[in-house]
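If you're matching them up, the sequences are chains A and B in order.
Number 97 in numbering that gives the first Met the number 0 belongs to position 98 of the first sequence; there are no gaps in the numbering.
Number 180 in numbering that gives the first Met the number 0 belongs to position 181 of the second sequence; there are no gaps in the numbering.
Encoded as structure tokens, the structure appears first; notes follow it.
Protein chains: 2
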Amino acid sequence: MSALSDSASPLYEKVKDFVLANIGSGKWAQNARLPSENDLVNSLGVSRMTVHRALRELTSEGHLRRVQGVGTFVAPPKAQSTLIEVSNIINEIRDRGGKHRAGVILLERVEHPTAAIIDAFEFDRVKPVDHSLVVHFENDVPVQLEERYVNPALVPHYLDQDFTSIATLEYLQRCTPLTEVEHLISAVPAGPEQARLLQMPERDSCLVLHRKTWTGATVATVNTFTHVGSRYSLGSRYRPTHKPA
Amino acid sequence: MSALSDSASPLYEKVKDFVLANIGSGKWAQNARLPSENDLVNSLGVSRMTVHRALRELTSEGHLRRVQGVGTFVAPPKAQSTLIEVSNIINEIRDRGGKHRAGVILLERVEHPTAAIIDAFEFDRVKPVDHSLVVHFENDVPVQLEERYVNPALVPHYLDQDFTSIATLEYLQRCTPLTEVEHLISAVPAGPEQARLLQMPERDSCLVLHRKTWTGATVATVNTFTHVGSRYSLGSRYRPTHKPA
DNA sequence: GAGTGAAACATGTATATACATGCCATGTCA
DNA sequence: TGACATGGCATGTATATACATGTTTCACTC
């Protein structure tokens, strides 16, 4: 009566698979109540701690909902909102097997930023920020215009970095341990400057990713990644129940 | 020598907090090796199972990396790739406090789909699919054009649904338990048809979200959500380390 | 009939124990 | 000096036991 698969995986994984199979087949419908831990102990022939671990992990993965003293229930599917992964352009190009090249357009300390930048950094008075503007090429075709404003209080030598390599990103990360990120994806027509730098027709569509990061309570970086719409898209594939191979 | 906070939270949570505090303060740097489980047992005065659970959960949350027989290490920050949440338009409008209205443009059973659709559904021969085209309005301004192809083998009465309410989505979800999703975000200029339905100038930028879902190994739905670039953007805010309240 | 208390049952946590599995350094033997 | 065996140590899993905590039910009392 074990009902557990006989592969080499650990017992608690088999219990998880058993539960997921019953959910997937529809035998245990949405919001249905599962057998109690003790029931599963008796029917599956494993200890309660093992069952408990399996159910606890399935709960933290969003498959189950547990209420102390009441029972375990099949969680409603989390399909309507799904996650999309955003990577950085250098790794992305490299993962595709393409050749990456970065062209530095601008690299400056801005002593008197615009009101919009001061506002974005949540400064209470005028403070200098570092500003970089880099074009990323994939196989010598421009794909991304990366504009970044950095808080010099957190990143001492940002402008001294080597902007053609990924080391800049790692330096940034080391200086600004991430506590919060804000993303905004939008589609806008290319302005004259963007069209020139990205070698695309003016007013053609761009996919723009805004990204703002915090370290503690202070704004660390404000980024704008502009992509040529006809050459770039953001994608992800997601398996809610499957495990990675 | 407990070094653990004295709040009311469970012991394993205190151990997790203790570890996170040491990482956050920089005392344990990136890739540094943590004390072994037995060391923590001795210094914190809890059992090894409790330490083990804390370290296991921190590993699954991405804070640590563990190698059997070797040790436990501080994981590199997972900042470069971040997640963006995509919701559905009806909830989104409602959450903003706006008024939602849906206009059904088309509702049909397609007996002979185009080659592109057959390919997208991974059909081995010509099979009928259901097709819907709906415009979503926020305060009577069109914001999204929703085109959906549905596999009738999985969703028996898709065309009979009430397309002006969110019940359609729930019916879809019930018929097609999600096993896999694929997303693709791109920016494209509006074509004549899209410009007309979305009441926007032709060739203006659109933010397009493609979404393809599987149930088991069969393709369940193929969706295209087209948004007016100047009226819509996708956003998210993310706290990597903080716990939900 | 309403309220109360206790039992029964559910999940949650903590521990001790045992063994499995994987890696590495050390030492021995050729 | 090199190859190999082995012991030590690290994490990984499984179990039995105990108690904590929260919910429901049901019988008993007023």
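Yeah, the Cβ is synthetic: ideal placement off N, Cα and C, and Gly gets one too.
These numbers were taken from a predicted model, which means no experiment stands behind them.
{"Asked": "Taking only beta carbons into account, state which residues of the stretch 146-162 of chain B come closer than 8 Å to chain A, listed in chain order.", "Found": "none"}
{"Asked": "Note down the Cα distance separating valine 69/B from proline 75/A, rounded to an integer number of angstroms.", "Found": "40 Å"}
{"Asked": "Would you call serine 164/B buried or exposed, if buried means 16 or more other Cβ atoms sit within 10 Å of its Cβ?", "Found": "exposed"}
{"Asked": "Please classify glutamate 110/B as buried or exposed, where buried requires at least 16 other C-beta atoms within 10 Å of its C-beta.", "Found": "exposed"}
{"Asked": "How many Å lie between histidine 241/A and histidine 62/A at the Cα?", "Found": "Residue placement at histidine 241/A is flagged as unreliable, the pLDDT there being 39, under the threshold of 50; the coordinate-derived value follows with that caveat. Their Cα atoms are separated by approximately 12 Å."}
{"Asked": "Under a three-way DSSP split, which group does proline 243/B fall into?", "Found": "Low local confidence applies: a pLDDT of 33 at proline 243/B is under 50, so the model's placement there is unreliable, with the coordinate-based value given in what follows. Coil at proline 243/B, not helix or strand."}
{"Asked": "Leucine 196/A: which of Arg64/A, Arg108/A and Val140/A sits nearest, CA to CA?", "Found": "Val140/A"}
{"Asked": "Between the stretch 210-218 of chain A and the stretch 226-235 of chain A, can you find at least three pairs of beta-carbon atoms closer than 8 Å?", "Found": "no"}
{"Asked": "I need the boundaries of the alpha helix (DSSP H) containing arginine 305/A, first residue and last residue.", "Found": "Outside the shown range of chain A (0 to 244) lies residue 305/A, about which nothing can therefore be said."}
{"Asked": "For proline 243/A, decide whether its Cβ has a neighbour in chain B, counting only Cβ atoms nearer than 7 Å.", "Found": "Its pLDDT being 33, under 50, proline 243/A is placed unreliably in this model, and the coordinates cannot settle the point."}
{"Asked": "How would you call valine 125/B, buried or exposed, if buried means at least 16 neighbouring beta carbons within 10 angstroms?", "Found": "exposed"}
{"Asked": "Please list, in chain order, the chain B residues whose beta carbon lies closer than 8 Å to that of isoleucine 184/A.", "Found": "Ile83, Ile184, Leu206, Ser232, Leu233 and Gly234"}
{"Asked": "On the CB-based measure, 16 or more other CB atoms within 10 Å of its CB, does histidine 135/B come out buried or exposed?", "Found": "buried"}
{"Asked": "Around the Cβ of histidine 99/B, are there at least 16 other Cβ atoms within 10 angstroms (buried) or fewer (exposed)?", "Found": "buried"}
{"Asked": "Measuring alpha carbon to alpha carbon, tell me which of Asn150/A, Val18/A, Leu208/A and Ser59/A ends up nearest glutamate 121/A.", "Found": "Asn150/A"}
{"Asked": "Tell me the residue span of the beta strand (DSSP E) that contains alanine 245/A.", "Found": "Residue 245/A is absent from the model: chain A starts at 0 and stops at 244."}
{"Asked": "Where alanine 244/A and asparagine 87/B are concerned, what is the direct C-alpha to C-alpha distance, given to the nearest angstrom?", "Found": "Model confidence at alanine 244/A stands at a pLDDT of 28, short of 50, so the residue's coordinates are unreliable and nothing is read from them."}
{"Asked": "Measuring only the C-alpha atoms, how far is aspartate 129/A from tyrosine 157/A?", "Found": "7 Å"}
{"Asked": "Would you decide whether valine 103/B is buried or exposed? Buried here means 16 or more other CB atoms lie within 10 Å of its CB.", "Found": "exposed"}
{"Asked": "The alpha helix (DSSP H) spanning valine 73/B covers which residue range?", "Found": "Element bounds for valine 73/B: not the alpha helix (DSSP H) but the beta strand (DSSP E), 70-73."}
{"Asked": "What are the residues in the stretch 119-143 of chain A lying within 9 Å of chain B by C-beta distance?", "Found": "none"}
{"Asked": "Glycine 234/A by DSSP, collapsed to three states: which one?", "Found": "strand"}
{"Asked": "Using the Cα positions of proline 155/A and threonine 167/B, report the straight-line distance between them to the nearest angstrom.", "Found": "54 Å"}
{"Asked": "With DSSP as the reference, please indicate the residues paired to lysine 211/A in a beta bridge.", "Found": "Glu181/A and Val221/A"}
{"Asked": "Using a threshold of 7 Å, state whether the C-beta atoms of leucine 144/A and cysteine 174/A are closer than that.", "Found": "no"}
{"Asked": "Along the stretch 3-37 of chain A, where does the CB come closer than 7 Å to a CB of chain B? Name the residues.", "Found": "Gly23"}
{"Asked": "What I want to know is whether the C-beta of asparagine 222/B ends up closer than 6 Å to one or more non-hydrogen atoms of the ligand MN.", "Found": "This structure lacks the ligand MN; in fact it carries no ligand of any kind."}
{"Asked": "In the structure shown, what three-state DSSP assignment does isoleucine 116/B receive?", "Found": "helix"}
{"Asked": "Closer than 7 Å by beta-carbon distance: list the chain B residues that pair up with proline 188/A, in chain order.", "Found": "Asp203 and Ser204"}
{"Asked": "Is it buried or exposed for lysine 26/B, if we count other Cβ within 10 angstroms and need 16 for buried?", "Found": "exposed"}
{"Asked": "Is it buried or exposed for valine 180/A, if we count other Cβ within 10 angstroms and need 16 for buried?", "Found": "buried"}
{"Asked": "Only counting the same chain, and skipping five residues up and downstream in sequence, which positions put a Cβ closer than 6 Å to that of asparagine 138/B?", "Found": "Gly97 and Lys98"}
{"Asked": "Relative to the alpha-carbon of tyrosine 170/A, which residue among Ala20/A, Lys15/A, Thr220/A and Leu132/A has its alpha-carbon at the smallest distance?", "Found": "Thr220/A"}
{"Asked": "Tell me which residues share the same chain as proline 112/A and place their Cβ nearer than 6 Å to its Cβ, disregarding the 5 neighbours each side in the sequence.", "Found": "Val128"}
{"Asked": "Counting only the same chain and skipping the five closest in sequence on each side, list residues whose C-beta sits under 6 Å from that of isoleucine 22/A.", "Found": "Val73"}
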